[in-house]
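See below for the structure under consideration.
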Amino acid sequence: MSNTLIELQSLASHRPSATASAADVAAWFRAKSRLHERLAAEARDLTSAAAYRDLARRARERAAALV
């Protein structure tokens with residue numbers, strides 16, 4: 000759990016600015032996707048797992064659209 004909190008804080012504090020390159024923004028969305036995939040795997044119920052998987056999918060799609 001503490002690794003998850005550290006990763007959440009890192010994502011929040013390293014969110015790309017409006018002037019960041021598309022590659023940097025895509026990398027951030029890929030990291031966000033990995034976090035949500037891990038949260039889905041660790042979820043205690045199917046509803047939460049499905050929601051995290053959906054967030055991961057959307058983050059992957061955003062990253063793919065940027066590169």
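The sequence shown begins at 0 in numbering that gives the first Met the number 0 and counts up by one.
Where is the CB? At the ideal position from N, CA and C, for every residue including glycine.
In the three-state reduction of the DSSP assignment, Thr18 falls in the coil class, being assigned neither a helical nor a strand state. The Cβ neighbour count for Leu34, taken over all protein chains shown within 10 Å, is at least 16; the residue is labelled buried.
Taking one beta carbon from each stretch, the region 38–46 and the region 8–22 have fewer than 3 pairs nearer than 8 Å; the two do not touch. Using a Cβ distance threshold of 8 Å, Ala25 and Leu65 count as a contacting pair. Within the same chain, Ala39, Ala42 come within 7 Å of Ala48 by CB-CB distance, once the 5 residues on both sides are set aside. Residue range 45–65 is occupied by the alpha helix (DSSP H) that includes Arg52.
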